[in-house]
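Residue 431 in our numbering is what sits at position 53 of the sequence shown, and the numbering runs on without skipping anything.
Heads up: the structure comes next, in structure tokens.
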Amino acid sequence: MLLPILGNSFLKKIYYKLTLTGFKKKMDRKEAFNILGIGKKKFKDQKEFEKEVNSSYKKLMLINHPDRDGSAYLTQKITEAKKKLIPR
379 MLLPILGNSF LKKIYYKLTL TGFKKKMDRK EAFNILGIGK KKFKDQKEFE
429 KEVNSSYKKL MLINHPDRDG SAYLTQKITE AKKKLIPR
């Protein structure tokens, strides 16, 4: 079970929201924002937006990485969300 891994309330909210509704077959930007916990706020520029995405990504990966007994599936979804918002 992921709840011990998901220590803070922010991550628990994301976990419950996604487990109750499930993931979409093809991720859209809205779902990517939800997974990374980034609100639809205005960013000054693309650089600030990418910084926010990377910060959220790193935070979630540190908590939920499979090497730390996290879920490989959720790690995959977190990575997919980052790639959806910052395609390279």
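Just so you know, even glycine gets a beta-carbon here, dropped at the ideal spot from N, CA and C.
In this text, all values refer to a predicted model and were calculated from it rather than measured experimentally.
{"Check": "Pairwise C-alpha distance: Ala410 and Leu438", "Outcome": "13 Å"}
{"Check": "From Lys419, Leu414, Lys455, residue whose alpha carbon lies closest to that of Tyr435", "Outcome": "Leu414"}
{"Check": "Helix, strand or coil at Phe411 [DSSP, three-state]", "Outcome": "helix"}
{"Check": "Member of Glu428, Lys455, Arg466 whose CA lies at the smallest distance from the CA of Lys403", "Outcome": "Lys455"}
{"Check": "Test item: CB-CB of Met405 and Lys462 under 8 Å", "Outcome": "yes"}
{"Check": "Whole-number beta carbon distance between Pro444 and Thr457, since they are thought to touch under 8 Å", "Outcome": "With a Cβ gap of about 12 Å, Thr457 and Pro444 do not count as contacting."}
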